[in-house]
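All remarks here apply to the structure that follows.
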Amino acid sequence: MIRTLIVDDDFRVASLHRAYVEKVPAFTVVGEAATGAEALRLITSAKPDLVLLDIYLPDISGLEVMRTIREAGASRVDVIAITAARDVESLRAAMHGGVVHYLIKPFRFAALHEKLQSYAAMHQRLKQLAEADQHAVDTLYHILRHGGSAETLPKGLSRPTLELVSRILQEAGGDLTAVEVAELANLSRVTARRYVDHLVQLGRVEVVMRYGSPGRPEHLYHLVARAATVASFDRSSES
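Using my numbering, the letters of the sequence shown correspond one by one to residues 1387 to 1625.
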């Protein structure tokens, strides 16, 4: 289960967010905090994987909570920031582009559900990489926390999931069908097809047709050599 901490100074909103999170398979709420100080205490004691964090808190801001987490070296604690639309750019600037996930108030369950599904897919992939080299694990966490390249994604696609699909194709070392990508990424077939088709449009993935069986030809996808060399995200953005 993905251990989740809810941080909001309005107990009614916190209860609603708890209900939202607990509707999503693989997530469990390990606590609620109404202040930044309480959030930091619970991060230490409850050891959540994920914090659903309101930026506006009565004592210190959510931004300060995030900075404290990073400066303290809290390992493998990720954040979905909840903020107002007018504050998105300042949020990104304050975190030096490091906030991957954020939700703009007000939002519906569907928006949170999509964010949690993206996180769950990455979380599952990291578990599968338990025997992988540390560089691969660190790369995936960089993708999760810092995002990939700066292109605008079509509505309904998320960057962490896009980079997860890229990583799966890279590690395959050969052709995969959309069904195989879906199984490895813990996505529906339709959703996986949307991501691989978008990667094809970006020029990061090539599609080939396999004939020989009755019915429609099978679409096979593989990462192009240029995309494979950048480990699924634009390293030039780090310089």
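Beta carbons are placed, not taken as given, at the ideal position from N, Cα and C, and that holds for glycine. Given the structure is predicted, the values throughout are model-derived calculations rather than measurements.
Quiz item: Once you ignore the five residues that flank tyrosine 1581 on each side, which residues in its own chain have a CB closer than 7 Å to its CB?
Solution: Leu1543, Thr1547, Leu1548, Val1551
Practice problem: Count the other C-beta atoms from every protein chain shown that fall within 10 angstroms of the C-beta of isoleucine 1392, then say buried if there are 16 or more, exposed otherwise. | Solution: buried
Quiz item: With DSSP run on the structure shown, which of helix, strand or coil describes leucine 1391?
Solution: strand
Exercise. Can you check the region 1412-1463 for any alpha helix (DSSP H) of at least 4 residues that lies completely inside it and give the ranges in chain order?
Key: 1422-1432, 1448-1457
Self-check item: Sequence-distant residues of its chain with Cβ nearer than 7 Å to glycine 1560 (five each side left out)
Solution: His1608
Quiz item: Whose C-beta lies closer than 6 Å to the C-beta of histidine 1605 among residues of the same chain, with five residues either side of it excluded?
Solution: Val1593
Quiz item: When you compare only the Cα positions, how much space is there between aspartate 1394 and leucine 1562?
Solution: 43 Å
Quiz item: From glutamate 1457 to valine 1576, what does the alpha carbon distance come to, in whole angstroms?
Solution: 40 Å
Exercise. Please go through the same chain and pick out, in chain order, the residues whose beta-carbon is closer than 7 Å to the beta-carbon of threonine 1454, but skip the five residues on each side of it.
Key: Leu1426
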